[in-house]
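Residue numbers (the working numbering): 68 to 235. The C-beta atom is built at its ideal place from N, Cα and C for all residues, glycine as well. Right, one structure below, let's go through it.
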């Protein structure tokens, strides 16, 4: 080890700002280079996480309005209601409102072309903007049918007769 290298090593130990590294570049350039790599890495990660986003929304409206809406046995609110969803496929829809028949049905939500495999990777991860897949469905509820007084009394009479006949 020659004396100039030993002197440079001692200056580096003391934290001198004019220290020259063994290869001729000042020591502070290594600090800036490592900071630059860190900043560049952070910027790339931030850009990658901010890019590519698909939002999926289901909106359900009803006639009459303000009916209670359930998707896959989960209450989502009163119509007209919007909710985000993650998966395409078959959804169980139940809609209830007093004075109307309860509606139980299925709604198959098919994916758009940009959500097909392997294209979905580009839409979800690499696409620089936002994509909003919005689905809307309108349901019409039928009024509930209540039996007349005569039908109700006849039904009660039939039940009583069957009960007495079964007891004999």
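Item to complete: Hey, could you find the ends of the beta strand (DSSP E) residue 143 is sitting in?
Response: 141 to 145
Fill in: Identified DSSP bridge partners for residue 174
158
Discussion item. Excluding the 5 residues flanking residue 129 on each side, which residues of the same chain have their C-beta closer than 8 Å to its C-beta?
Written reply: 136, 146, 147, 162, 164, 205, 206, 207, 208
Fill in: Beta-carbon proximity check, residue 172 vs residue 149, cutoff 9 Å
no
Worksheet item: Where do the N-terminal and C-terminal ends of the beta strand (DSSP E) with residue 137 fall, by residue?
Response: 135 to 138
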